[in-house]
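Numbering (my numbering), first residue to last: 1046 to 1216.
Written below as structure tokens is the structure these notes are about.
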């Protein structure tokens, strides 16, 4: 993958335009974001969770930092996909987040809208990262034809996942 801005990884400087192997980026960010996103999810939906201010400070700072890294790694054109993911995320938060809460005996309607903002943003960031991984793993980043196939497949699979969760009645 080609960096859009300079970045330091494990003390080694990579200037803008450098090629960085995918395994130096995705495993770290997928795990790291899963931990932060998971903690944000648990804090947002646990009984007697922290005040909204703490939730927004904890999640908001992490989301801001991830976004800065995304711009450095992927560039502004790719980050525009976060808006597409936001649309898919709105559907996902209604269906898939409800599905995730169901094992805990909870529903989205059990919480005020303000509790859903941080988990929603993590959902958008995580699905964006999954799309980036699919582009790189599919060798589609620099191949316009493959890229279109991966992007269309990503949208279709995202919609199918939301439809399946909705059909299961867990949304």
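All C-beta atoms, glycine included, are put in the ideal place defined by N, C-alpha and C.
Short Cβ contact (8 Å threshold) for residue i with residue j
i, j, result
"residue 1108", "residue 1170", "yes"
"residue 1116", "residue 1124", "yes"
"residue 1067", "residue 1046", "yes"
"residue 1126", "residue 1191", "no"
"residue 1221", "residue 1059", "There is simply no residue 1221 to check, as the chain begins at 1046 and stops at 1216 in what is shown."
"residue 1052", "residue 1090", "no"
N- and C-terminal bounds of the beta strand (DSSP E) containing residue i
i, result
"residue 1203", "Note, residue 1203: premise wrong, no beta strand (DSSP E); alpha helix (DSSP H) at 1189 to 1212."
Beta bridge counterpart(s) of residue i as assigned by DSSP
i, result
"residue 1053", "1058"
Residue range of the unbroken alpha helix (DSSP H) whose run includes residue i
i, result
"residue 1178", "1162 to 1182"
"residue 1127", "1126 to 1146"
"residue 1072", "1071 to 1090"
"residue 1114", "1097 to 1119"
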